[in-house]
Amino acid sequence: MSSRAPEPASTVRLRPLVLLAVALLTTVAVVVALMGRTSSTPPTGGSPPTTPTASAATTTATATGTATATSATPTPSTVTPSGPTGSGTATSPARPTATTTPRATALPQLRTFIAAATRMDGQLHAAARAINAAGPPWKAISPALARTVNAADIHAIDRALPAGLPDELRLATLIVYSGLSSRRAAMESFTYIRTAKEYDPSYGHTGPEQLLAELANGAEAAHRFDADLAHLEAVARSSHAFARPSASSRAAGERFLVIDLVHKDNWGCDSRGGGVVTDLPRIRWTSATTGELRMPAWDSGIPFTAVRDSAGRYVAATLTVC
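When the letters of the sequence shown are read in order and numbered with the numbering used here, they come out as residues 22 to 343.
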């Protein structure tokens, strides 16, 4: 029987080392294969991974400048900070909406006058109904009828008339004001209480024909009042707010001149309405208290005198005419 020669001792010691190396290589291959399944490329039919980054949701600016989330999908766009809040957007920053501050108009400054004019228009309608219920013919003027007519007080409109109006607004206001004055003056004969005994058709403003003629003087102004008032409001709404003059300015004195002009046109020389002023007067001052007023249709002017108090404020003005 033959015998094999024993292997060298070095050969026996290397075999376990070789087996260990092979095992290690196999383990590394498995680990690399497993690491490959976590790459950024998803398998077919899969979903991309979601990471909680600052750009997880894109935003788009609305017309009002607010931001609205539209998607949770990250995009490669560069996020640009917009404003001090640090909110971002994937699109160009929205431009702020341009805003303009509404300019002040003259309408609030005319509210008191418009309200007074509207109130007096209602009072004049009530007076007309009372007059129509009493005649014609009118054999007497009762205390109740006289009170109803007197309730339409033109002096309340005088007090509400503002000074310092620009020309277009001044004319629109003057038309409304003089129209109310014309209508009220046309009813003046019905403010005097008369009994049947005191009725004298041959005397002055008492005959039925005369009374009807007087009432007719205010008819045109009554028919156009609504349109005139609407025009005034439209002009006031489209006009800039105006500076109110001081009581010592000539504009304040001219306000009293306009009031006297309208009164003289409707009540002067025992008149009974019909004086609707549709043109602006031309006023020329010759001193602080005197001057001349002229209307475009007049051939000459009328002198006037203004009155001031001890503080230099205008308190009245009178045309030198009945």
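Note that the Cβ used here is the ideal one computed from N, Cα and C, for glycine as well.
Close-in-space but distant-in-sequence residues of the same chain around residue i (CB under 8 Å, 5 per side omitted)
i    : result
P302 : L278, V279, L282, L314, R315 and M316
H176 : none
L55  : The predicted model places L55 with a pLDDT of 35, which falls under 50 and marks its position as unreliable; any figure quoted below should be read in that light. Excluding residues within five positions, none has a Cβ falling inside 8 Å.
P194 : It should be noted that the sequence gives Thr, not Pro, for residue 194. The answer, listed in chain order, is L131, F134, L182, P183, L186 and L253.
E189 : V256 and S260
D142 : L201, F246 and L250
E219 : A161
Classification of residue i by the beta-carbon crowding that lies within 10 angstroms, buried from 16 upward
i    : result
R276 : buried
D286 : buried
F325 : buried
S223 : exposed
G296 : buried
S31  : A caution first: S31 carries a pLDDT of 44, below 50, which makes its placement in the model unreliable, though a value can still be read off. Classification of S31: exposed, given that the 10 Å Cβ count is below 16.
C343 : exposed
L233 : exposed
G239 : buried
H284 : buried
V336 : exposed
A154 : exposed
R191 : buried
A318 : exposed
A338 : buried
Cβ pair residue i, residue j closer than 8 Å
i    : j    : result
G200 : R168 : no
S269 : R334 : yes
I214 : D249 : no
A207 : L236 : yes
P266 : A273 : yes
T173 : A148 : Per the sequence shown, residue 173 should be read as Ala rather than Thr. In contact: A173 and A148 (Cβ atoms closer than 8 Å).
E209 : R293 : yes
T310 : A327 : yes
A243 : I178 : no
Own chain, CB closer than 7 Å to residue i, minus 5 neighbours either side, in chain order
i    : result
A262 : A125, T126, A127 and Q130
T299 : I196
T99  : Confidence at T99 is low in this model, with a pLDDT of 42, below 50, so its placement is unreliable and the value that follows should be read with caution. Correct list: empty, nothing qualifies.
W306 : R271 and G312
Same chain, Cβ closer than 6 Å to residue i, five either side skipped, listed in chain order
i    : result
A217 : K160 and A161
Beta carbon proximity, residue i to chain C, threshold 8 Å
i    : result
D281 : No chain C appears in this structure, which consists of one protein chain only.
Cross-strand partners of residue i (DSSP beta bridge)
i    : result
R305 : E313
R329 : Y335
I323 : L314
L145 : For L145, which the question treats as bridged, DSSP gives no partner whatsoever.
L131 : For L131, which the question treats as bridged, DSSP gives no partner whatsoever.
Q: Please specify which runs of the beta strand (DSSP E), each continuous and at least 3 residues long, are wholly inside the region 200-259, giving them in chain order.
A: Those beta strand (DSSP E) runs which fall completely within the region 200-259 and span 3+ residues do not exist here.
Q. Which ranges does the alpha helix (DSSP H) cover as unbroken runs of at least 4 residues, wholly within the region 153-205, from first to last along the chain?
A. As for any alpha helix (DSSP H) of minimum length 4 sitting wholly inside the region 153-205, the runs are 164-171 and 175-181, ordered along the chain.
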